[in-house]
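Structure, as C-alpha cells:
Here's what the structure looks like:
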C-alpha cells in the first residue's frame, strides 16, 4: 500500500541558500531561506497543492526567488496566523478564511503591492451587492485591511500598502445604497414562555438562565460545574474559562441566583469538567418524546432506533454553540407559531430590565460591558453590583411555563 501524501511537506534548506519544498515529486525554490517572503510563498504553494488534490499544475514554475509577493502569499501567511489567533473563536476564524478565499479568487495572482483602494472598493461593492447591510460591509472591509496589516508586520509588503487602503472612507448612513442594520430589540418574556413549551429540558434551562442573568449565548452554553464558585455568603458565581473579552485581560463573573440557580441545579450532578448542557441529552429527549407519541404498538412496525443510522455524519457535540442554541430556539418558535426571536434578544431584555430598575452602571456590571481590564478591587465592586442586578431580574420561574 503506497504511503499517503502529507498535507504539509516540510520547508527545508537548499544548498543554494534558499528555502525549498518538495511537492508532487518536484523541488520548488522559494528564495532566501527562512525569510518572511520565502515562508509566505511556501504557504501559498501548499494551499495550491492541497486544493488540487495534492498535485501541482505542470506549468507551475520551480523557481520563486525573484517572483513578487502576491495577494495569494499574503492570504496564505494570514491563514497560518488566524489558525492560532482564532483557535477558540471559530466564527472569526471562518470569516477570515472566507475573506482569504475571496481575495484569492479575485486577486490571488496580483502582486500585493498593487492591491490598492480601488480594488478594496470593488470588494466592498461585492459585499453590498450581496444584500449585506452597511455595518457588515464596513466590518468586512476593515477585516480585509487587517489581513494586509498582518502582512506588513511579517515584512512581506511595505507599510504604504495599508496607508493607501485606509484612505477608503467607510460607508456612512444615508450616503450609500447598502441597507441599514436592523436594531436588535428585547423580546417579551411572554413570547419566550410560549416558545419554551416546545423546548427540550436542556434548552429550556439554558433560556431560563440567560433570561435571569443576561449572559451571552456562548457563555450559557459553556457552563461546567467546575466553573461555578460558591462565595462565603452562599452565592454561586459563574467564572467562564473562555469569554469574548478574555484576551483583554478582563475577568468575568456572573451571579447565578434566583431562577438561574433553580434552572442550573439539576445539571450540576455530573463530572466537574463536562458541560452542563449536552446536545446528546437533548437529542435523546426528543427521541423519547417521539417514541411516547407513537400510535403503533411496539409489537408492530419498526422498533425504536431501527431507522437510526449507525454512523451519522453529524454526531451531537459535547456542548452547544451559539449557532446550534439559536437554531434550537428557532425550531421551538416555529412549533409555537410565534415571532422568531434570538438568544441575543434575551440579553437585551435582561439589560433593559436592569437598566430601568437599577440604572446603567448596574447593567454594565451585570453584562460585563467594560472596555478596560478590571483590577481586583474593581472586580469585587462589579460582583457586588452584578449580584444586586441579577436579583432584580424576574426570570421565567413565575411564568406559566413549567420549570422542567
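In the numbering used here, the protein residues as written are 2 to 405. A virtual CB, placed ideally from N, CA and C, is assigned to each residue, including glycine.
task: Could you pull the start and end residues of the beta strand (DSSP E) that residue 28 belongs to?
output: 27-33
- prompt: Under the rule that 16 or more other beta-carbon atoms within 10 Å means buried, what is residue 417, buried or exposed?
  reply: This structure does not reach residue 417, given that the chain is present from 2 up to 405, and the question cannot be answered.
message: With the cut-off set at 8 Å, would you say residue 346 and residue 186 are in Cβ contact?
response: Cβ distance < 8 Å, so residue 346 and residue 186 count as in contact.
query: What are the start and end residues of each continuous alpha helix (DSSP H) run of 4 or more residues lying completely inside the region 213-259, in chain order?
result: 218-222
- prompt: Going by beta carbon distance, what residues of the same chain come within less than 8 Å of residue 33, once the five residues before and after it are set aside?
  reply: 18, 19, 20, 39, 66
task: Measure the Cβ-Cβ separation of residue 72 and residue 29 and say whether it is below 8 Å.
output: no
query: How big is the Cα-Cα spacing for residue 1 and residue 27?
result: Because the chain spans 2 through 405 in this model, residue 1 falls outside it and cannot be assessed.
field: Residues sharing a beta bridge with residue 408, DSSP
entry: Nothing can be reported for residue 408: it is not among the residues displayed for the chain, which extend from 2 to 405.
field: Start-to-end residues for the alpha helix (DSSP H) that takes in residue 150
entry: 135-154
- prompt: Relative to the C-alpha of residue 69, which residue among 343, 24, 158, 48 is closest?
  reply: 158
Residue of 189, 141, 271, 296 minimising C-alpha distance to residue 172: Per the C-alpha coordinates, the member of 189, 141, 271, 296 positioned closest to residue 172 is 141.
query: For residue 169, which of helix, strand or coil comes out of DSSP?
result: Three-state DSSP puts residue 169 in coil, outside helix and strand.
DSSP-derived helix/strand/coil call for residue 350: helix
task: Put residue 71 into one of helix, strand or coil per three-state DSSP.
output: strand
Contact belief for residue 12 with residue 50 at Cβ below 8 Å, rounded distance in angstroms: Incorrect: roughly 13 Å between the Cβ atoms, too far for contact.
- request: Please state whether DSSP places residue 50 in a helix, a strand or coil.
  value: helix
field: Status (buried if at least 16 other CB within 10 Å, exposed otherwise) for residue 221
entry: buried
query: Of the choices 149, 206, 289, whose alpha-carbon is the least far from that of residue 326?
result: 206
query: Of the choices 137, 14, 343, 96, whose alpha-carbon is the least far from that of residue 189?
result: 343
- prompt: If residue 151 sits next to residue 337, beta carbons under 8 Å apart, how far is it from one beta carbon to the other, in whole angstroms?
  reply: No, residue 151 and residue 337 are not in contact; Cβ-Cβ is about 46 Å, not under 8 Å.
message: Going by DSSP, what residue range makes up the alpha helix (DSSP H) through residue 126?
response: DSSP places residue 126 inside the alpha helix (DSSP H), whose first and last residues are 118-130.
message: According to DSSP, is residue 321 part of a helix, a strand, or is it coil?
response: coil
message: Am I right that residue 1 and residue 84 are in contact with their C-beta atoms under 8 Å? What's the rounded C-beta distance?
response: Shown here, the chain extends from 2 to 405; a query on residue 1 therefore has no answer.
- request: Can you grab the Cα-Cα spacing for the pair residue 228 / residue 241, in whole Å?
  value: 6 Å
message: Using C-beta distances below 7 Å, list every residue in its chain close to residue 378, excluding the 5 sequence neighbours before and after it, in chain order.
response: Note on residue 378: pLDDT 29, under 50, position unreliable in the model; no value is reported.
- prompt: Can you name, in chain order, every residue of its own chain whose Cβ lies under 6 Å from the Cβ of residue 14, other than the five neighbours on each side?
  reply: 34
Residues near residue 5 in its chain [Cβ-Cβ closer than 6 Å; skip 5 each side]: Cβ neighbours of residue 5 beyond the five flanking positions: none.
query: What is the DSSP secondary structure of residue 187, counted as helix, strand or coil?
result: In the structure shown, residue 187 sits in coil (DSSP, three-state: anything other than H, G, I, E or B).
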